[in-house]
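Trainee: I'd like to ask you about the structure that follows.
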Amino acid sequence: MHRFKDLEIWKKSRVFCTKIYDITSEFPESEKFGLTNQLRRAAVSIPSNIAEGSSRSSNKDFARFLQITLGSAYEIETQLLISLDLEFINQTKLDILLKDLESIVKMTSKFKSTLK
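Going by our numbering, the sequence shown opens with residue 1361, and the numbers climb by one from there.
Below is the structure:
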């Protein structure tokens, strides 16, 4: 069992989640149940799956939750690109968020590879 609160990926993903909430608060009201909701749910999923996976009794189970985490990250990347296409965010904000997300993906992938 791992202490999720000590994991750097969990800490970074919480900060990233806050950034997603901040950026989506600027989305049009008509997107409240669309991209805003989708992005927020996927962003919350990242630290949540890390925490839940850390409670599992085996590294194999934890690795499965980290794989779900990666899926949520790629979902967010797609949704952010769509947000750019719809002009809900600008390129600068997108670049910052994608850089943060890439860091989380790399850290998660590397950590996952140590669990096998």
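Yeah, the Cβ is synthetic: ideal placement off N, Cα and C, and Gly gets one too. This one's a predicted model, so the numbers in the text were calculated from it and none came from an experiment.
Using a 10 Å radius around the Cβ and a threshold of 16 neighbouring Cβ atoms, would you call R1406 buried or exposed?
Mentor: By one-based count along the sequence shown, residue 1406 stands at place 46. Note that residue 1406 corresponds to Ile in the displayed sequence, not to Arg. Buried, since its Cβ has 16 or more Cβ neighbours within 10 Å.
Trainee: Would you grab the beta carbon distance between S1432 and N1409 for me? Rounded to a whole angstrom, and I think it's under 8 Å.
Mentor: Position 72 of the sequence shown, counted from the start, is the residue given in the question as residue 1432. Position 49 of the sequence shown, counted from the start, is the residue given in the question as residue 1409. About 7 Å separates the two Cβ atoms, so the contact holds.
Trainee: In whole angstroms, what separates the C-alpha of Q1451 from that of F1387?
Mentor: Translated into the one-based positions of the sequence shown, residue 1451 becomes position 91. Translated into the one-based positions of the sequence shown, residue 1387 becomes position 27. Going from the Cα of Q1451 to the Cα of F1387 covers about 15 Å.
Trainee: Residues in the same chain with beta-carbon distance under 6 Å from M1467, minus the five sequence neighbours each way, listed in chain order, please.
Mentor: Translated into the one-based positions of the sequence shown, residue 1467 becomes position 107. Here the set comprises I1369.
Trainee: Sorted by chain position, which residues of the same chain lie with C-beta nearer than 7 Å to S1443's C-beta, five sequence neighbours on each side aside?
Mentor: For the purposes of this step, residue 1443 is taken as the residue at position 83 of the sequence shown. So the qualifying residues of the chain are L1395, I1449.
Trainee: Buried or exposed: which applies to S1373, given that a residue is buried once 16 or more other Cβ atoms fall within 10 Å of its Cβ?
Mentor: Walking along the sequence shown from the start, residue 1373 turns up at place 13. When all chains shown are included, S1373 counts as buried.
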